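One point on numbering: in our numbering, the residue at position 16 of the sequence shown is 17, and numbering is uninterrupted.
What follows is a short report on a single structure.
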Amino acid sequence: MTRSDVEIAASRYRLSGTFARKSVQLLAQAVSVAPWLFLAATLSAAVFSLLTVLFGNLLGQITDDVIVPGVAGDPITGVWGEYTQDPLEAAALAGGAFIAIGLVMAVFVAGRRGFQGMAVARVGGYHRGVVADAISRLPLGWHRTHSSGRILSAMSSDSETATSPLHPLAFTVGSFVMLVAAGYSMWQADPWLAITGLSVVPVILLINVFYERVITPKWNLGQTLRADVSAIAHESFDGGTVVKALGAERREGARFEKAARDLADADTRVGSTTAWFEPLMDLMAPLGALALAAVGTYRASTGDASVGDVVAAMYLVTLLAVPIRGIGWILGQMPQALVSFRRIGEIVSAAVEIDEPGHLQVARSGAASIRFESAHIGADDGGDGQLTVIMEDVTIELEPGTVTALVGPTGSGKSTLALAASRLASPAAGSVKLDGVNLAHIANLAAHVALVPQSAFVFAGTVRENVTLGEEFSDAEVWEALRRAAVDSVIESLAKPGDDPLDAVLDERGMNLSGGQRQRLALARALVRRPRVLILDDATSAVDPQVEREILTGLKGSDDSPTVLLVAYRLASILLADRVVRVDDGRIVDAGTHEELMSRDTGYQDLVLAYERDAEQQRLAAVTIDGIADAGAAGEED
């Protein structure tokens with residue numbers, strides 16, 4: 002969606018005013034998503050309601066014209082008397098009319114349920130789509146300050162709960178036709194019957210006002226705890242290796258158990274509140290019928306109403322239990338629906354507050370330059386627009402087609418600098434430019450800049466799907482990217498004989514690949530897009546040094562070599578760079594070639610010595626492991 006689309010979506014989730022006003026706003030938003038389906042469902046329900054009242058009136062007529070005269074031995078009156086004076090034959094004719102009305106009612110019931118089901122499903126899908134789009138627009142800072150459980154809750158339970166009052170909506174709205182028609186019919190027969198029969202409606206509204214005030218905070222707490230349970234489960238599953246390796250199963254189990262117990266307690270409190278509300282709502286219609294029986298008996302005894310009028314009124318009031326129950330269901334579900342609706346709206350509104358990147362089109366021709374001009378680069382804190390500055394006064398330039406290595410101790414700001422070059426971190430002051438154009442003003446920056454993070458995410462799906470991510474790339478382009486990332490032989494080994502390797506299925510999170518293979522697949526995902534700037538945020542840390550050297554050498558030697566910004570932790574990687582930038586404590590300390598920094602920067606010298614020692618230790622460890630393996634193999638042969 003465009004920014005204007007997001008703003009429109011956000012405006013549809015804004016609630017204000019009283020509970021009744023908010024309820025109307027929620028229902029109006031839902032109807033606007035699928036207006037024709039809701040209209041068809043409501044019209045079907047309205048026709049059904051009219052037929053139901055017709056059925057009740059017919060029952061009253063038969064009582065006065067057929068049953069009472071038949072019992073007393075008097076002539077049958079009304080339309081039935083025009084056809085026959087035989088009570089049984091007249092009752093059979095009336096029964097035929099009942100059956101005909103019932104068949105027509107069944108058709109409209111099926112229509113109402115079908116249209117209503119499709120409408121509710123479409124609204125639920127709209128909620129999920131809006132949340133997914135908003136989440137994709139929100140910056141990394143927002144995701145850092147909001148748990149995955151909160152997001153999953155919005156996508157699943159909140160989107161589902163926000164539609165809960167919609168299931169009986171068409172029937173309930175259509176039943177207002179029944180309410181009006183029944184009230185009018187009873188008023189025509191006797192005003193006191195109408196007043197008595199409809200007196201339960203204001204009582205229902207008063208009960209719901211009290212219920213809403215009691216249930217809303219309880220439901221809000223329950224939804225928050227439900228998100229907490231999802232977040233803990235997500236963390237435990239994601240960190241399964243750590244949990245098992247460090248023996249933290251009991252700790253994680255206890256943490257999840259506490260959250261689940263808290264959620265169960267909250268849901269129990271919601272259930273106990275609902276337990277008295279729903280029976281109380283169900284009690285209203287029988288109480289109305291009982292009152293009507295007393296009043297009707299008196300009115301019939303005085304001759305102000307006929308027996309048929311009282312029978313018809315009692316039947317209609319009994320039927321009113323259904324629309325009253327529908328109203329009660331909507332009102333009962335509305336508090337929690339409003340809570341979930343508001344939680345969805347908070348996410349959508351947060352996406353509106355994010356600055357929309359500009360729409361300047363930049364030509365895609367060859368490697369691009371990246372220039373930081375007195376940039377103070379920060380990470381947003383997830384919602385209030387404030388930035389925590391991590392890198393100060395950055396002024397460097399990456400020349401087109403060159404490789405620049407970022408070096409420095411952990412936490413010095415290297416990754417922040419890399420994120421800023423791909424517009425995933427924001428300059429609080431100064432600017433970051435691509436070919437002289439501010440990154441904030443460039444449309445479709447991903448067509449120019451590709452970032453490969455250290456943590457390579459692999460989707461459950463085929464190799465082709467993981468590399469293309471749904472974009473149109475030929476198989477030849479995919480294979481070329483895999484070759485440049487030195488992962489083509491791995492992909493070929495995944496396929497069964499006779500199958501296309503690109504159709505090989507990767508497990509969730511790429512668990513059938515090693516860490517280095519996942520990193521190379523992520524690199525291929527970036528290379529297939531032919532970026533003009535390639536940012537490697539320690540993206541080959543799990544790759545064998547020799548393979549890494551081949552990859553980086555290939556990037557420099559190709560005709561369409563991108564400008565490369567490399568967060569480096571290996572001396573071999575640094576030596577391949579045209580320029581080295583040393584970062585420390587949020588500032589650029591020095592920049593130049595490797596030889597220049599070695600000659601003048603003692604801090605750089607210390608880093609290089611540390612990298613050399615680390616590389617030597619890794620080499621010795623590998624030799625030791627190989628020696629043990631060779632010795633074991635020799636022992637087996639002996």
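No residue lacks a Cβ here, since even glycine has one placed at the ideal position from N, Cα and C.
All values reported here derive from a predicted model rather than from experimental measurement.
First and last residue of the alpha helix (DSSP H) that includes glycine 97?
-> Looking up residue 97 in the sequence shown gives position 96. From DSSP, the alpha helix (DSSP H) with glycine 97 extends over 88–138.
N- and C-terminal bounds of the beta strand (DSSP E) containing isoleucine 536 = If you number the sequence shown from 1, residue 536 lands on position 535. It spans 534–538 - the beta strand (DSSP E) in which isoleucine 536 sits, taken as one unbroken run.
According to the Cβ coordinates, are leucine 425 and valine 568 closer than 8 Å?
-> By one-based count along the sequence shown, residue 425 stands at place 424. By one-based count along the sequence shown, residue 568 stands at place 567. No, the Cβ-Cβ distance between leucine 425 and valine 568 is not below 8 Å.
Please classify proline 169: is it buried, with 16 or more other beta-carbons within 10 angstroms of its beta-carbon, or exposed?
-> Against the sequence shown, residue 169 aligns to sequence position 168. It is buried - the Cβ of proline 169 has at least 16 other Cβ atoms within 10 Å.
Local conformation of glycine 184 per DSSP, three classes = Translated into positions along the sequence shown, residue 184 becomes position 183. Correct three-state label for glycine 184: helix.
What's the C-alpha gap between asparagine 221 and isoleucine 348?
-> For the purposes of this step, residue 221 is taken as the residue at position 220 of the sequence shown. For the purposes of this step, residue 348 is taken as the residue at position 347 of the sequence shown. Asparagine 221 and isoleucine 348: Cα-Cα distance of roughly 16 Å.
Distance between leucine 537 and proline 496 (C-alpha atoms, nearest Å) = Stepping through the sequence shown from its first residue, residue 496 is reached at position 495. Stepping through the sequence shown from its first residue, residue 537 is reached at position 536. Checking the sequence, you will find alanine at residue 496 rather than proline. Between alanine 496 and leucine 537, the C-alpha separation is close to 28 Å.
Rounded straight-line distance, which links the Cα of glycine 74 to that of phenylalanine 49 = Position 48 of the sequence shown, counted from the start, is the residue given in the question as residue 49. Position 73 of the sequence shown, counted from the start, is the residue given in the question as residue 74. The straight-line gap from Cα to Cα measures roughly 36 Å.
Which residues mark the beginning and the end of the beta strand (DSSP E) in which leucine 452 is found?
-> Stepping through the sequence shown from its first residue, residue 452 is reached at position 451. That run of the beta strand (DSSP E) goes 450–453.
Same chain, Cβ closer than 6 Å to serine 165, five either side skipped, listed in chain order | Stepping through the sequence shown from its first residue, residue 165 is reached at position 164. For serine 165, where only same-chain residues beyond five positions count, the Cβ hits under 6 Å are Gln334 and Ala338.
From this set, Leu470, Ile77, Gln86 and Ala171, which residue's C-alpha is nearest glycine 118's C-alpha?
-> Walking along the sequence shown from the start, residue 118 turns up at place 117. Of Leu470, Ile77, Gln86 and Ala171, the residue nearest in Cα terms is Ala171.
Between the C-alpha atoms of asparagine 513 and glycine 462, what's the straight-line distance to the nearest angstrom?
-> For this step, residue 513 is matched to residue 512 along the sequence shown. For this step, residue 462 is matched to residue 461 along the sequence shown. Spanning the two alpha carbons is a distance of roughly 12 Å.
Compute the Euclidean distance between the alpha carbons of valine 565 and glutamate 473, then round it to the nearest angstrom.
-> Working through the sequence shown from its first residue, we reach residue 565 at position 564. Working through the sequence shown from its first residue, we reach residue 473 at position 472. Their Cα atoms are separated by approximately 24 Å.
Neighbourhood of aspartate 385 by C-beta, 8 Å cutoff - its chain only, sequence neighbours within 5 removed | Sequence index remark: in the sequence shown, residue 385 carries index 384 (1-based). Confidence in aspartate 385 is poor, its pLDDT being 49 and thus under 50, which makes the residue's placement too unreliable to answer from.
If you draw a straight line from the alpha carbon of alanine 195 to that of leucine 264, how long is it in whole angstroms?
-> As a working note, residue 195 is residue 194 in the sequence shown. As a working note, residue 264 is residue 263 in the sequence shown. Whole-angstrom Cα-Cα distance: 46 Å.
Closest residue to tyrosine 212 among Val181, Glu466, Glu596 and Ile331 (Cα-Cα distance) | To locate residue 212, count along the sequence shown from 1; it is residue 211. Closest by alpha carbon: Ile331.
Taking all protein chains shown into account, do 16 or more other C-beta atoms lie within 10 angstroms of the C-beta of serine 176, making it buried, or fewer, making it exposed?
-> Here residue 176 corresponds to residue number 175 of the sequence shown, with the count starting at 1. By the neighbour-count rule (16 or more Cβ atoms within 10 Å), serine 176 is buried.
Would you say the segment 498–506 touches the segment 449–469, given that touching needs at least three Cβ pairs under 8 Å?
-> yes
Contact check, isoleucine 371 vs valine 534, beta carbons under 8 Å | Indexing the sequence shown from 1 puts residue 371 at position 370. Indexing the sequence shown from 1 puts residue 534 at position 533. The answer is yes: Cβ separation under 8 Å.
To which residues of the same chain is valine 34 closer than 7 Å at the C-beta, ignoring the five residues directly before and after it?
-> In the sequence shown, the residue the question calls residue 34 occupies position 33. The answer, listed in chain order, is Arg123, Val124 and Tyr127.
Given a threshold of 16 other Cβ atoms within 10 Å of its Cβ, counted over all protein chains shown, does asparagine 58 qualify as buried or as exposed?
-> The residue given as residue 58 occupies position 57 in the sequence shown. Looking at its Cβ environment, which holds 16 or more other Cβ atoms inside 10 Å, asparagine 58 is buried.
Thinking C-beta only, is alanine 444 closer than 8 Å to leucine 361?
-> On the sequence shown, position 360 is the one that residue 361 refers to. On the sequence shown, position 443 is the one that residue 444 refers to. Taking 8 Å as the Cβ cut-off, leucine 361 and alanine 444 qualify as a contacting pair.
Grouping DSSP H, G and I as helix and E and B as strand, with all else coil, what is isoleucine 77?
-> If you number the sequence shown from 1, residue 77 lands on position 76. Three-state result, isoleucine 77: coil.
Select from Val201, Asp266 and Pro218 the residue whose C-alpha is nearest the C-alpha of aspartate 283.
-> Here the question's residue 283 lines up with position 282 in the sequence shown. Of the candidates Val201, Asp266 and Pro218, the one whose C-alpha sits nearest the C-alpha of aspartate 283 is Val201.
Arginine 588 lies in the alpha helix (DSSP H); which residues open and close that run?
-> Here residue 588 refers to the residue found at position 587 when the sequence shown is read from its first residue. Boundaries for arginine 588: no alpha helix (DSSP H) harbours it, while the beta strand (DSSP E) harbouring it runs 588–593, taken from the DSSP string.
Alpha carbon of aspartate 602 to alpha carbon of tyrosine 570, nearest angstrom = The sequence position of residue 602 within the sequence shown is 601, counting from 1. The sequence position of residue 570 within the sequence shown is 569, counting from 1. So the alpha carbons of these two residues sit roughly 17 Å apart.
Burial state of methionine 454, where buried means 16 or more other Cβ atoms lie within 10 Å = Here residue 454 corresponds to residue number 453 of the sequence shown, with the count starting at 1. Here residue 454 turns out to be proline, not methionine, going by the sequence shown. It is buried - the Cβ of proline 454 has at least 16 other Cβ atoms within 10 Å.
Proximity of valine 582 and isoleucine 589 at Cβ, strictly below 8 Å | Taking the first residue of the sequence shown as 1, we reach residue 582 at position 581. Taking the first residue of the sequence shown as 1, we reach residue 589 at position 588. In contact: valine 582 and isoleucine 589 (Cβ atoms closer than 8 Å).
Quick one: what's got a C-beta closer than 8 Å to tyrosine 612's C-beta in the same chain, skipping five residues either side?
-> Counting from 1 along the sequence shown, the entry for residue 612 is found at position 611. Here the set comprises Tyr570, Arg571, Leu572 and Ile575.
Residues near leucine 44 by beta carbon distance below 8 Å, same chain, minus five either side | Against the sequence shown, residue 44 aligns to sequence position 43. Counting only Cβ-Cβ distances below 8 Å, and skipping sequence neighbours, we find Gly175.
Residue range of the unbroken beta strand (DSSP E) whose run includes alanine 447 = Start at 1 with the first residue of the sequence shown, and residue 447 comes out as number 446. Neither: alanine 447 is in no beta strand (DSSP E) and is coded neither H nor E.
Does DSSP put lysine 219 in a helix, in a strand, or in coil?
-> On the sequence shown, position 218 is the one that residue 219 refers to. Three-state result, lysine 219: helix.
Could you check if alanine 11 is buried or exposed, using at least 16 other CB atoms within 10 Å of its CB as the buried criterion?
-> The residue you call residue 11 lines up with position 10 of the sequence shown. Buried is the call here.
Do you know offhand how far methionine 179's Cα is from serine 17's?
-> As a working mapping, residue 179 is identified with position 178 in the sequence shown. As a working mapping, residue 17 is identified with position 16 in the sequence shown. Going from the Cα of methionine 179 to the Cα of serine 17 covers about 31 Å.
Hey, how far is the Cα of arginine 614 from the Cα of leucine 608?
-> Taking the first residue of the sequence shown as position 1, residue 614 is located at position 613. Taking the first residue of the sequence shown as position 1, residue 608 is located at position 607. Approximately 10 Å, taken between the alpha carbons.
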